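Colleague:
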Amino acid sequence: MNWDLPSTGVVFKSVRKLNPVQFFNLNVLDLFVLITLGRGFFDKRVKPILLHSHTRPLTQLKFNKEGDLLFSSGKDISWHVWRTSNGEKLGSYDGHSGSVWCVDISADTTLAVSGSGDTTCKVWDTEKGTIIHNLTASTPVRTVNFKNDKHIITITTDATMGKPCEILTYDLRDENSLKDGIKFFRTDSQPLNSNNKVTAAIYVAYDDLYLTSHLNGEVTQWRAATGEKLRSSCVHTNQINSIQKSTDEDFIVTASKDTTAKLLDVWLLEVVKEYKTPQAVNSASLSSLEDHVLLGGGQDSHEVTTTDTRSGKFVCRFYHKIYESEIGRVKGHFGPVNTVAFHPDGRSFASGGEDGLIRYHYFDDSYFNFKFSY
Amino acid sequence: MQRARGSLKLPHRAGVDLGGLTEASKYACDAHIKDSSDSAQGRVTVPSGHKLLYKIVTFISLKIFTALIKDIAEQEIPRFPTDEDLLSSVIAVDGIPVIDSSRKVFCFCFVDFGSPADAEKALRLLNGRHLDSKHIFRTFKLSSLDNYSKINDEFVPPPEPEFQETGDYQSWLLDKHCNDQFVMFHDRMTSVMWNTKTGAQPCIERDHWAEQYVAWSPKGSFLATVHQQGVALWGGEYWKKIQRFEHSGVQLLDFSPCEKYIVTCNNEIVDDRDNPRAIIIWDIRTGAKLRCFQKAGKEFSWPVFKWSHDDKYVARPGDDYIAIYETPSMKTLVKGEKKTILVEGLRDASFSWSPTVRHLAFWVPEKDPHPARVALLEIPSKQIVRSKNLFNIEHATMHWHENGYYLCVKVDSKSKKGKEFSSFEIFRVKEKSIPVDTLETNEPVYAFSWEPNGHRFVVIHGHQKNSLNVTVYTMKGRQSGIDQVTRLFIIYEVLIELRPFRTVVWSPKGSRFVLANLYGANRSLEFWDADSATRLNQGEHYLASRVEWDPTGRYVATYVSAWSEPTEHGYYLWTSQGRLLHRVPVPKLCQFAWRPRPKDDLSPEELKLVEKKAREWASRFDKEDREIEGKVTENERKWRRAQLAQWRTALAKVEAAKTALRESWGRVEPPPQVTQDWIEIEDEDEELLERKVFA
Chain D
1 MNWDLPSTGV VFKSVRKLNP VQFFNLNVLD LFVLITLGRG FFDKRVKPIL
51 LHSHTRPLTQ LKFNKEGDLL FSSGKDISWH VWRTSNGEKL GSYDGHSGSV
101 WCVDISADTT LAVSGSGDTT CKVWDTEKGT IIHNLTASTP VRTVNFKNDK
151 HIITITTDAT MGKPCEILTY DLRDENSLKD GIKFFRTDSQ PLNSNNKVTA
201 AIYVAYDDLY LTSHLNGEVT QWRAATGEKL RSSCVHTNQI NSIQKSTDED
251 FIVTASKDTT AKLLDVWLLE VVKEYKTPQA VNSASLSSLE DHVLLGGGQD
301 SHEVTTTDTR SGKFVCRFYH KIYESEIGRV KGHFGPVNTV AFHPDGRSFA
351 SGGEDGLIRY HYFDDSYFNF KFSY
Chain V
1 MQRARGSLKL PHRAGVDLGG LTEASKYACD AHIKDSSDSA QGRVTVPSGH
51 KLLYKIVTFI SLKIFTALIK DIAEQEIPRF PTDEDLLSSV IAVDGIPVID
101 SSRKVFCFCF VDFGSPADAE KALRLLNGRH LDSKHIFRTF KLSSLDNYSK
151 INDEFVPPPE PEFQETGDYQ SWLLDKHCND QFVMFHDRMT SVMWNTKTGA
201 QPCIERDHWA EQYVAWSPKG SFLATVHQQG VALWGGEYWK KIQRFEHSGV
251 QLLDFSPCEK YIVTCNNEIV DDRDNPRAII IWDIRTGAKL RCFQKAGKEF
301 SWPVFKWSHD DKYVARPGDD YIAIYETPSM KTLVKGEKKT ILVEGLRDAS
351 FSWSPTVRHL AFWVPEKDPH PARVALLEIP SKQIVRSKNL FNIEHATMHW
401 HENGYYLCVK VDSKSKKGKE FSSFEIFRVK EKSIPVDTLE TNEPVYAFSW
451 EPNGHRFVVI HGHQKNSLNV TVYTMKGRQS GIDQVTRLFI IYEVLIELRP
501 FRTVVWSPKG SRFVLANLYG ANRSLEFWDA DSATRLNQGE HYLASRVEWD
551 PTGRYVATYV SAWSEPTEHG YYLWTSQGRL LHRVPVPKLC QFAWRPRPKD
601 DLSPEELKLV EKKAREWASR FDKEDREIEG KVTENERKWR RAQLAQWRTA
651 LAKVEAAKTA LRESWGRVEP PPQVTQDWIE IEDEDEELLE RKVFA
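Below is the structure:
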């Protein structure tokens, strides 16, 4: 892990007064705009903090449980960790030789796992940035997930190069399982091929269930304790891009290419709410504080250059979770928003775009004062 | 051949109608017809026994007959003809003139053609044929005589169709809050919406209501939906189907101004000369086909048929003529060989009706030795009321003022150096002897628009492609005691890159107009007030393709249609001052159209009273508006409460499912709840306090 900043951790209390020359003298090239302030001042911040280190599109943003760190992965080979309170980049995890598709952090933040297009999955020491385990799959790794007990990792791989999509489980305590992984979740009854390969996966209900979403818009529910497939439900008409869970782990929100995001309960896999947008949704996140859903999306990346930026709709949209109506939007990205994440305390959020930028927003008063009356 | 014996009476009729035909058939009934071996084919016999028959019977158009008869006479009959054969090969021709001193007498005859096919052919050729203006042939088959004989002499009125309640066609005008309606055709759905203070409220929505597109009638009574099979009209309080017009493959439709008739057109049909089906004129109330016409040429401008303001006449242009038909008979106004008004050099779409009187304005291009000419033609007298010669003109377009006060002819010319420029010839139609004002611009003109209910007009003109001016003129500029066309003010003399306005749309109530640029990447709008010559506001609507004022001039809608743009479909609603009210995205919106209102019936005195009392009434309206806004939020609240209750039941259901499943796994105690999933509104005060402490 390369520490970019002096370990003293410079805190700029009044960045706006610094002129650009001074700014560069301080050797903080990574921080494009830096507004560093402690908690308690955040409600006066309107401008986002731009986290500028990725050179290629973002793939995933993830906060740790406490919310003091933000992990970001992109299509470039290294992935980064940021301090959320001031936007400081703490370091990068170098070691992959392909796009990093997914990351996950263990519940106590000591371990991190990343899956990559180089067909490997690496387990890192979060603090030191060293590789603890190097797990090799046969195809690119699309999703990685820690169980709450931080010893078990479940990954899914892509169905490419004539190989099927697989769900593999590794037990970090068990040397044997680290070689090839265990096919704990049994996909024999319905093999996963390139039509219904896994696009996103998550452990929910405090490790009771494991959910996978598929290319054909299905969501499948597995029992995490036994690996049996419990049920499957076709909720979307097109590819599901991401799944994120609510704080109580009873609900998930799916983001789909069919221009909708849906709120599902994890037990019955029934659609409780639906959020309609004018464009494909790449990522959706649930706030722990307010009844809000955050949706990020935009047109397909290969169509972006053919149209005006205004028609791309590169915005993060806020929807009311219960009333399903749009209540606000935040603009700023130059390309589709690939991934969004609410801070665990619900007072800030991060969005990562196809443009390689992470925008980190603290909500201001207008957000908290906004209430639906009923 | 047996002679057919007619009765002793001969019909003395001035014209031939259906009644006459049955009368004639009765005579023929009396005639005794029998086959005989020595029947000479094709011999023509006339009824005998009449006192006039000793006179020589003459057929004026015998050429047709003889040609047919010769052919037939040469044929051989392959078998012995039966009763049936002979009957069906004989036709009766009615309406043949008999020459005598009175010259008013008509006669009829029977013609045997030998074969049924030939008889059929003759039947078709002769029926309805004008011998001259007074004599028209009516033919029928002898074999169909039985049918005619069965006709009862007593008139039995047809059963009256049951009364269909369709409701008041103008019920929407009685809306308590005077809201306007608009129709949206989007993604196979057709929605009629109310434009209320608090946003659009659906009035009626139907899936697959229309197939191709929809259209309002000019006074807003009917909504026409266009289908593959034809056109259907809807309206009234209950949105029932009022009428349907079967016209397969219909593409275009046009209402008459008073909503009495509708014209439908399918110009791609392979048309039969004898039985045209391309353009059909229908009566809206009865649904009857009035007349069918052959298709227009390859290049034509719709509407092909142009209606006079009172629906009395409809005109169709042709090369060098105007055909005018009278409604409801759809007979040509002009009698004679050509049945049209000849105007040499007249081209398609170079004429138009006055919106208030039966005046037809047309122009003809220059043709040696005659100069180009603009003329006003009075119908039905066909008198030229006013005409003016023009020189060196390339093209002319006619713009009538909505109230028929003025006719502006925009004349496009080219100088010797090839420079294009336009000028205006403005006819003051309402004044004595119709004086003409000429306005020279020396520049090409891109847009012209009359102010409705006013005397001003806006012109967008410019010398070069990159610089355009917008100028407002008035017709009431007084100079030496006479009204003159006078320039009021110029809006822009700036480069087109900055303000490339090419479209001007006046408010239907006048005094305000919108300048719009609806092409290219930089689409913007400006709202102007002509009274104070000030810009009220400016706005931008990305990709907007149309600007639509509502019929009362209170709102302006701009919309992006799926027919012209791939994305951003939806509409923006602005006030007449240019304040943006709503942005409404509508997926695959194709059409947006305000429901037109009929012209108001207020007299000038009443209008003045309204203007006087406006301020007094405004407070009442404001109060009503506030009430409406309150009411809607109440509805919204109800809906939200229902949603919340639903959400709570969903939560309970999930909880039950969770417990059940966990119990079945033998894991009873639930994991600890971390945070509450949703926060009650009552918590608000608490939360605010918390934040204050925090800050």
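Protein chains in written order, with full-length UniProt numbering: chain D, 1 to 374; chain V, 1 to 695. Every residue, glycine too, gets a C-beta built ideally from N, C-alpha and C. It should be emphasised that the depicted structure is a prediction, and the values quoted were computed from it without experimental measurement.
For the segment 634 to 652 of chain V, enumerate the residues whose C-beta is nearer than 7 angstroms to any C-beta of chain D, in chain order.
Modeller: Listed in sequence order: Arg637, Arg640, Arg641, Gln643, Leu644, Trp647 and Ala650.
Colleague: When you compare the CB of Ala232 (chain V) with every CB in chain D, is at least one pair closer than 7 angstroms?
Modeller: Cβ-Cβ to chain D under 7 angstroms: no for Ala232 (chain V).
Colleague: Straight-line CA distance for Gln221 (chain D) to Tyr210 (chain D)?
Modeller: About 6 angstroms.
Colleague: Under the rule that 16 or more other beta-carbon atoms within 10 Å means buried, what is Ser25 (chain V), buried or exposed?
Modeller: Confidence is the limiting factor: at Ser25 (chain V) the pLDDT is only 41, short of 50, which leaves the residue's position unreliable, though a coordinate-based value still follows. Its Cβ being crowded by 16 or more others within 10 Å, Ser25 (chain V) is buried.
Colleague: Whose C-alpha, out of V:Asp180, V:Val429, V:Ser191 and V:Leu360, is nearest the C-alpha of Thr552 (chain V)?
Modeller: It is V:Asp180.
Colleague: Please tell me whether Leu70 (chain D) and Trp82 (chain D) are closer than 7 angstroms, where the distance is taken between their beta carbons.
Modeller: Cβ distance < 7 angstroms, so Leu70 (chain D) and Trp82 (chain D) count as in contact.
Colleague: In the DSSP assignment, what are the bridge partners of Lys229 (chain D)?
Modeller: Beta-bridge pairing links Lys229 (chain D) to D:Trp222.
Colleague: For Arg640 (chain V), which three-state DSSP category applies?
Modeller: Arg640 (chain V): helix per DSSP, three-state reduction.
Colleague: Does any residue of chain V bring its CB to less than 7 angstroms from the CB of Leu268 (chain D)?
Modeller: So yes, Leu268 (chain D) belongs to the interface.
Colleague: Can Ala200 (chain D) and Ser242 (chain D) be called in contact, C-beta distance under 7 angstroms?
Modeller: A contact, by the Cβ cut-off of 7 angstroms.
Colleague: Count the other CB atoms within 10 Å of the CB of Ala315 (chain V); is the residue buried (16 or more) or exposed (fewer)?
Modeller: Per the 10 Å Cβ criterion, buried.
Colleague: Can you check whether the C-beta of Lys588 (chain V) is within less than 7 angstroms of a C-beta belonging to chain D?
Modeller: Lys588 (chain V) does not count as touching chain D.
Colleague: Around the Cβ of Met161 (chain D), are there at least 16 other Cβ atoms within 10 angstroms (buried) or fewer (exposed)?
Modeller: Classification of Met161 (chain D): exposed, given that the 10 Å Cβ count is below 16.
Colleague: How is Val586 (chain V) classed by DSSP in three states: helix, strand or coil?
Modeller: Correct three-state label for Val586 (chain V): coil.
Colleague: Are the Cβ atoms of Thr558 (chain V) and His541 (chain V) separated by less than 7 angstroms?
Modeller: Yes; because the gap between Cβ atoms is below 7 angstroms, this pair is in contact.
Colleague: Does the CB of Val485 (chain V) have a neighbour CB from chain D at under 7 angstroms?
Modeller: Judged by the 7 angstroms Cβ criterion, Val485 (chain V) is not in contact with chain D.
Colleague: Measuring only the C-alpha atoms, how far is His236 (chain D) from Glu634 (chain V)?
Modeller: So the two alpha carbons sit approximately 34 angstroms from each other.
Colleague: Does DSSP put Ser619 (chain V) in a helix, a strand or coil?
Modeller: Three-state DSSP puts Ser619 (chain V) in a helix.
Colleague: DSSP puts Ser351 (chain D) in a beta bridge; with which residues?
Modeller: In the DSSP output, where bridge partners are listed per residue, Ser351 (chain D) has D:Val340 and D:Arg359.
Colleague: Assign Leu10 (chain V) to one of three DSSP states: helix, strand, or coil.
Modeller: The predicted model places Leu10 (chain V) with a pLDDT of 36, which falls under 50 and marks its position as unreliable; any figure quoted below should be read in that light. Of the three classes helix, strand and coil, the one that applies to Leu10 (chain V) here is coil, per DSSP.
Colleague: What separation, rounded to the nearest whole angstrom, lies between the Cα atoms of Leu525 (chain V) and Thr327 (chain V)?
Modeller: Approximately 43 angstroms between the Cα atoms of the pair.
Colleague: Excluding the 5 residues preceding and the 5 following Gly462 (chain V) in the sequence, name in chain order all residues of the same chain whose CB lies nearer than 8 angstroms to its CB.
Modeller: Here the set comprises Glu443, Pro444, Tyr446, Leu468, Asn469 and Ile496.
Colleague: Are the CB atoms of Glu565 (chain V) and Leu543 (chain V) within a distance shorter than 7 angstroms?
Modeller: Yes.
Colleague: Less than 6 angstroms separating the Cβ of Leu264 (chain D) from some heavy atom of the ligand SAH?
Modeller: The ligand SAH is not among the ligands present in this structure, which contains no ligands whatsoever.
Colleague: Can you tell which of D:Ile131, D:Asp174 and D:Ser73 has its C-alpha closest to the C-alpha of Leu111 (chain D)?
Modeller: Closest by alpha carbon: D:Ile131.
Colleague: Going along the chain, which residues of its own chain have a beta-carbon closer than 7 angstroms to the beta-carbon of Asp118 (chain D), five neighbours each way excluded?
Modeller: Same-chain partners within the cutoff: His96, Ser97 and Gly98.
Colleague: Can you give me the C-alpha to C-alpha distance between Leu61 (chain D) and Gln244 (chain D), rounded to a whole angstrom?
Modeller: Cα to Cα, Leu61 (chain D) sits roughly 11 angstroms from Gln244 (chain D).
Colleague: Which residue from V:Lys638, V:Trp216, V:Thr286 and V:Ser133 puts its Cα closest to that of Pro161 (chain V)?
Modeller: For Pro161 (chain V), the nearest C-alpha among the options comes from V:Thr286.
Colleague: Under DSSP, the beta strand (DSSP E) around Tyr319 (chain D) begins and ends at which residues?
Modeller: First-last of the beta strand (DSSP E) with Tyr319 (chain D): Cys316 to His320.
Colleague: Within 10 angstroms of the Cβ of Ile91 (chain V), are there 16 or more other Cβ atoms? Answer buried if so, exposed if not.
Modeller: So Ile91 (chain V) counts as buried.
Colleague: Between V:Arg502, V:Phe527 and V:Asp529, which lies nearest to Asn517 (chain V) when the distance is taken from Cα to Cα?
Modeller: For the residues V:Arg502, V:Phe527 and V:Asp529, the minimum Cα distance to Asn517 (chain V) belongs to V:Arg502.
Colleague: Give the secondary structure of Asp207 (chain D) by DSSP, where H, G and I count as helix, E and B as strand, and everything else as coil.
Modeller: Coil.
Colleague: Can you pull the chain V residues whose beta carbon is under 7 angstroms from the beta carbon of Val272 (chain D), in chain order?
Modeller: The answer, in chain order, is Ala650.
Colleague: Taking just the CA atoms, how far does Leu192 (chain D) sit from Glu88 (chain D)?
Modeller: Distance between the alpha carbons of Glu88 (chain D) and Leu192 (chain D) is about 41 angstroms.
Colleague: Using CA coordinates, which residue listed in D:Arg347, D:Ala280 and D:Thr136 is at the minimum distance from Asn369 (chain D)?
Modeller: Closest by alpha carbon: D:Arg347.
Colleague: For a contact defined as C-beta to C-beta under 9 angstroms, what are the partners of Val654 (chain V) on chain D?
Modeller: Neighbours of Val654 (chain V) on chain D, chain order: Asp250, Phe251, Asp265, Val266, Trp267, Leu268, Glu270 and Val272.
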